[in-house]
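> The structure's right below; bear with me while I get my questions together.
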Amino acid sequence: MVDGSGPPTVLVAPEPDPDALSEELAETTEVSSVETAERGAAALEMLDDGAVGAVLSAAELADMDGVDLLERARRQRPTVPFVLFSRDGDERLVSDALSVGVTEYVPVESDPDADILADRLSDALARVRPDLTGKEEPAGRFEQLVEFSTDVLTIHRRDGTVRYVNPIIEDIMGYSPAECVDQNPVDRIHPDDRDRVLSFFADPKNWLGETRQVTYRMQTAAGEWRTLESVAHNRLRDPALAGVVVNSRDVTEREQYQRELERQNERLERFASVVSHDLRNPLQVIRARVEAARAESGSGHHDHIEDAVDRMEALIDDVLTLARDGQVIGELGETDLEGCARAAWGRVNAPDATLECRTDCAVEADADRLVELLQNLYSNAVTHGGHDVTVRLGVLGDDPVGFYVEDDGPGILPDERDFVFDYGYTTGDGTGMGLAIVREIAQAHGWDVSLAEEGDGTRFEFTGVTVCPNRE
Numbered sequence: 042m043v044d045g046s047g048p049p050t051v052l053v054a055p056e057p058d059p060d061a062l063s064e065e066l067a068e069t070t071e072v073s074s075v076e077t078a079e080r081g082a083a084a085l086e087m088l089d090d091g092a093v094g095a096v097l098s099a100a101e102l103a104d105m106d107g108v109d110l111l112e113r114a115r116r117q118r119p120t121v122p123f124v125l126f127s128r129d130g131d132e133r134l135v136s137d138a139l140s141v142g143v144t145e146y147v148p149v150e151s152d153p154d155a156d157i158l159a160d161r162l163s164d165a166l167a168r169v170r171p172d173l174t175g176k177e178e179p180a181g182r183f184e185q186l187v188e189f190s191t192d193v194l195t196i197h198r199r200d201g202t203v204r205y206v207n208p209i210i211e212d213i214m215g216y217s218p219a220e221c222v223d224q225n226p227v228d229r230i231h232p233d234d235r236d237r238v239l240s241f242f243a244d245p246k247n248w249l250g251e252t253r254q255v256t257y258r259m260q261t262a263a264g265e266w267r268t269l270e271s272v273a274h275n276r277l278r279d280p281a282l283a284g285v286v287v288n289s290r291d292v293t294e295r296e297q298y299q300r301e302l303e304r305q306n307e308r309l310e311r312f313a314s315v316v317s318h319d320l321r322n323p324l325q326v327i328r329a330r331v332e333a334a335r336a337e338s339g340s341g342h343h344d345h346i347e348d349a350v351d352r353m354e355a356l357i358d359d360v361l362t363l364a365r366d367g368q369v370i371g372e373l374g375e376t377d378l379e380g381c382a383r384a385a386w387g388r389v390n391a392p393d394a395t396l397e398c399r400t401d402c403a404v405e406a407d408a409d410r411l412v413e414l415l416q417n418l419y420s421n422a423v424t425h426g427g428h429d430v431t432v433r434l435g436v437l438g439d440d441p442v443g444f445y446v447e448d449d450g451p452g453i454l455p456d457e458r459d460f461v462f463d464y465g466y467t468t469g470d471g472t473g474m475g476l477a478i479v480r481e482i483a484q485a486h487g488w489d490v491s492l493a494e495e496g497d498g499t500r501f502e503f504t505g506v507t508v509c510p511n512r513e
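According to the working numbering, the residues represented by the sequence shown are 42 to 513, in order.
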């Protein structure tokens, strides 16, 4: 009950009604008095001005979050009980609060009534206030914190032995908490990683208050090796923790995927280098022969052959860039859709075919890759629609959300529609690469590509495209 004879409890809560919550706390909790503050700055002033019995703070405040307030409060008053409450139960919030030295964490349902929240805070305050519990180390201090965490949370003494570990370690590593407490886990670390981990976390007196991170392998109870990523918060100076708090996450699958990706990239780069070398040599021969033939005759075919050689060399460079950088597209910019359409059409050998452009819009795209996308669509139309096919390009909708490319060819059979974008799939003389490349380039831009459900011929629709205003 409120009697005003001792230091007040500071309630920092912009909502619900802090006055109503304060009254409920005064009625249900043995506190001297309750003072309210809607902002963290006001609570810090109270801590600076005089004695405070405890701090009860919401996680979201108008001028800072509850963890920031906790960290600043700890610098001013290291031992004052601090209860943090939040409506979302976010495990990262829990981990951050523990690393900074929260005394108690209270998860609450969305928009709780003042009396319900007061009951939860009263219970928490009873657990953490020494004058109410009569215990030097508060009961229930970690249980609610770790209940919502999927990470392994451990608190280590100065010598590295474990003082506390949450139960999730049994699910991840197979050890019960009792098997870990009072033990130093260094013997379970992979021999190749042990010296690095020991040196990284050695001499905790030299990094008081700091945070360090390391990735290493540790053996499970079943004898398997799991890769853990550990973040250590040195809280040895914090009377409420007096240890090194380590938050460890199992990243085995992530590391395996990364290693496999690196191996694939290495193989791809080797393959691309060999292919480019084997292609460049005959291209140089072709270029030399063209120059010799040009000196002997003035045929107009020479220019076309040189253009094709230039195009092949550009494609080889792009393949190497893809292999080494993993980039399907380069820098995006406002790109004239019709200009790219005409440029792509100029690369297709179909003198009897017709291109109709029905747009003067621009799109946000890599112009070179957009030309390549359109060229592959045109080639596909000519291959399957005939030498006199008509191809049309236009935008989707009055307020454009994308563009389409369609032709008046025979269309795609229903049982083939699900496979046309697969690498190597073809129904004619093509390589089976064109539409697969179209999909890759579209996805790299963040676009969706699909076949229209109805209509004659074949129609490809691209959505998710940023369409710029019509050009003047």
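Here a beta-carbon is modelled for each residue, glycine too, at the ideal position from N, C-alpha and C.
Helix, strand or coil: how does DSSP classify Asp234 here?
Note: Asp234 maps to helix in three-state DSSP.
> Just to confirm, are Val292 and Thr256 a CB contact at a threshold of 8 Å?
Yes, the pair counts as a contact, with Cβ atoms nearer than the cut-off.
> Assuming Ala78 contacts Val51 (C-beta within less than 8 Å), just tell me the rounded distance between them.
The pair is a contact, with the Cβ atoms about 6 Å apart (cut-off 8 Å).
> My understanding is that Ala394 touches Leu415, with C-beta atoms under 8 Å, so please give their C-beta distance in whole angstroms.
Contact flag wrong, Cβ pair sits at about 14 Å.
> Does DSSP put Ile196 in a helix, in a strand, or in coil?
Strand at Ile196.
> Does the distance from the CB of Glu502 to the CB of Gly443 come in under 8 Å?
Yes; because the gap between Cβ atoms is below 8 Å, this pair is in contact.
> How many Å lie between Arg458 and Pro451 at the Cα?
So the alpha carbons of these two residues sit roughly 13 Å apart.
> Between His318, Thr507, Arg388, which lies nearest to Glu405 when the distance is taken from Cα to Cα?
Nearest option by C-alpha distance: Thr507.
> Tell me whether Trp266 sits in a helix, a strand or coil according to DSSP, three-state version.
DSSP places Trp266 in strand when its eight states are reduced to three.
> What residue does the beta strand (DSSP E) around Val442 start on, and which one ends it?
Run containing Val442: none; DSSP gives neither H nor E here.
> If you reduce the DSSP assignment to three classes, tell me which class Val51 lands in.
DSSP places Val51 in strand when its eight states are reduced to three.
> Looking at C-alpha atoms only, which residue of Asp448, Leu302, Phe241 is the closest neighbour of Gln254?
Looking at the Cα atoms, Phe241 is the closest of the given residues.
> Please state the DSSP three-state secondary structure of His274.
Strand at His274.
> Can you look up Ala483 in the DSSP assignment and give me helix, strand or coil?
Helix at Ala483.
> How many Å lie between Thr69 and Pro55 at the Cα?
The predicted position of Thr69 is uncertain, since its pLDDT is 49 and thus under 50; a value taken from the coordinates is nonetheless stated next. Cα to Cα, Thr69 sits roughly 21 Å from Pro55.
> Taking Cβ to Cβ, would you say Thr202 is nearer than 8 Å to Asp223?
Yes, the pair counts as a contact, with Cβ atoms nearer than the cut-off.
> Looking at Tyr205 and Thr191, is the spacing between their C-beta atoms short of 8 Å?
It is not a contact, given that the beta carbons lie outside the stated cut-off.
> Hey, quick one: how far does the alpha helix (DSSP H) through Phe312 stretch, first residue to last?
Run containing Phe312: 293-337, per the alpha helix (DSSP H) assignment.
> Kindly list the residues whose CB is nearer than 8 Å to the CB of Ile327, restricted to its own chain and excluding five residues on each side of it in sequence; keep chain order.
Excluding positions up to five away in sequence, the list reads Ile346, Val350.
> With distances taken from CA atoms, which of Glu447, Gly505, Ile370 is nearest Ile478?
Ile478 has its Cα closest to that of Ile370, out of Glu447, Gly505, Ile370.
> Among all the DSSP beta bridges, which residues are the ones paired with Gly427?
For Gly427, which the question treats as bridged, DSSP gives no partner whatsoever.
> Pick out whichever of Ser74, Arg433, Leu378 has its Cα sitting closest to the Cα of Arg410.
With distances taken between Cα atoms, Arg410 lies closest to Leu378.
> Please give the ranges of any beta strand (DSSP E) in the segment 396-428, keeping only runs that are unbroken, at least 3 residues long and fully inside the region.
Runs of the beta strand (DSSP E) inside the segment 396-428: 403-406.
> Determine whether the beta carbon atoms of Arg433 and Arg399 lie at a separation below 8 Å.
Yes, Cβ-Cβ distance for Arg433 and Arg399 is below 8 Å.
> Counting C-beta neighbours from all protein chains within 10 Å, is the total for Val315 16 or more, i.e. buried, or is it exposed?
Exposed, since its Cβ has fewer than 16 Cβ neighbours within 10 Å.
> Under a Cβ-count criterion, where at least 16 other Cβ atoms within 10 Å of its own Cβ denotes burial, should Ala493 be classed as buried or exposed?
By the neighbour-count rule (16 or more Cβ atoms within 10 Å), Ala493 is not buried but exposed.
> Measuring only the C-alpha atoms, how far is Arg455 from Ile210?
Here residue 455 turns out to be Pro, not Arg, going by the sequence shown. So the alpha carbons of these two residues sit roughly 52 Å apart.
> Output the distance between the C-alpha atoms of Arg235 and Val227, rounded to the nearest integer angstrom.
Going from the Cα of Arg235 to the Cα of Val227 covers about 7 Å.
> Can the beta-carbon of Leu269 be found less than 8 Å from the beta-carbon of Arg290?
Taking 8 Å as the Cβ cut-off, Leu269 and Arg290 qualify as a contacting pair.
> In the DSSP output, which residue or residues are listed as bridge partners for Asp448?
Asp448 pairs with Val432, Thr499.
> With a threshold of 6 Å on Cβ separation, who are the neighbours of Leu396 within its own chain once the five nearest residues in sequence on each side are excluded?
So the list reads Trp386, Val432, once near-sequence residues are dropped.
> To the nearest angstrom, how far is the alpha carbon of Thr499 from that of Asp489?
Cα to Cα, Thr499 sits roughly 17 Å from Asp489.
> Give the straight-line distance between the Cα atoms of Leu85 and Glu112, rounded to the nearest whole angstrom.
If I take the Cα positions, the gap works out to 11 Å.
> Is the CB-CB distance between Val108 and Leu134 below 8 Å?
Their beta carbons are under 8 Å apart, which means Val108 touches Leu134 by this criterion.
> Between Ile453 and His428, what straight-line distance do the alpha-carbon atoms span, to the nearest angstrom?
Roughly 17 Å between the two C-alpha positions.
> I'd like the list of long-range same chain contacts for Asp497, defined as Cβ closer than 7 Å, with 5 residues on each side in sequence excluded.
Taken in chain order, the residues that qualify are Asp449, Gly452.
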